[in-house]
Amino acid sequence: MPTELSRTTYRANNADLGESTFTNVNLAKATFRDANLADSTLEDINLTGTTIKNVNLSTVAIDDADFTGMKLDGILVMDLMQVYLEQKGA
Numbered sequence: 414m415p416t417e418l419s420r421t422t423y424r425a426n427n428a429d430l431g432e433s434t435f436t437n438v439n440l441a442k443a444t445f446r447d448a449n450l451a452d453s454t455l456e457d458i459n460l461t462g463t464t465i466k467n468v469n470l471s472t473v474a475i476d477d478a479d480f481t482g483m484k485l486d487g488i489l490v491m492d493l494m495q496v497y498l499e500q501k502g503a
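Sequence positions in the sequence shown follow my numbering and run 414 to 503.
Right under this line is the structure:
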């Protein structure tokens, strides 16, 4: 059931929004805590400046992404990729 929401602040606690679809949604500066996004699809998403902490990234696949400035535990991903490619002989 589609629901249009006007621009304001919303809080959802202990909510089950499983199998929901969010299209053309502005979640800038939103906070997600203790959220389960297992088996979700994130497509055409802007995460510029986002901090992700205490996250389980097991079996996550990231394809067709811009890693410019992205860090994993303080290490630039592009530097990691360069070392990987050099060691691989690419």
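Backbone N, C-alpha and C define an ideal beta-carbon position, used for all residues, glycine too.
Nearest Cα to Phe445 within the set Asp479, Thr421 and Thr463: Thr463. Its Cα nearest to that of Ile458, the residue Val438 stands out among Leu430, Val438 and Met483. Looking only at Thr436, Asp429, Asn427 and Asn426, the smallest Cα-Cα distance to Thr416 is reached by Thr436.
Assignment of Lys442 by DSSP, reduced to helix, strand and coil, places it in the coil class.
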